[in-house]
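A.B. asks: Residue numbers (this note's numbering): 6 to 123.
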């Protein structure tokens, strides 16, 4: 389920459920009448975690490093959308951003995993 680039001490159970509520929120914003099964949301969550592992395989040193990694990972126009939204979030700051994902939880989990890895 997770790419081999993740550290051996990676505990998938710590990540379980971090994205499910955010995915439900996005679903209701985009398609209010559509209902997703819990296992479908959990599968999408596993894909997101796998993608995070891919993006974080090399330790980024700057915003430009992350931008280049996104450009290499995603096809056009998704890479442009992701970079534009990320830059907008950086410019607005955390408090004024309309980010739906639980950024604080994700950051804490990534720091915990990769701090012991590096």
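Backbone N, C-alpha and C define an ideal beta-carbon position, used for all residues, glycine too.
According to DSSP, simplified to helix, strand and coil, what is residue 49?
C.D. replies: The answer is helix: DSSP assigns residue 49 an H, G or I state.
A.B. asks: Could you work out which residue in 72, 58, 44 is closest to residue 95 when comparing CA atoms only?
C.D. replies: Answer by Cα proximity: 72.
A.B. asks: Spell out whether any CB of chain B is found under 8 Å from the CB atom of residue 110.
C.D. replies: Reference to chain B is not applicable here, since this structure consists of a single protein chain.
A.B. asks: Look at the Cβ atom of residue 78, then the Cβ atom of residue 93, and state whether they are nearer than 8 Å.
C.D. replies: Cβ atoms of residue 78 and residue 93: not closer than 8 Å.
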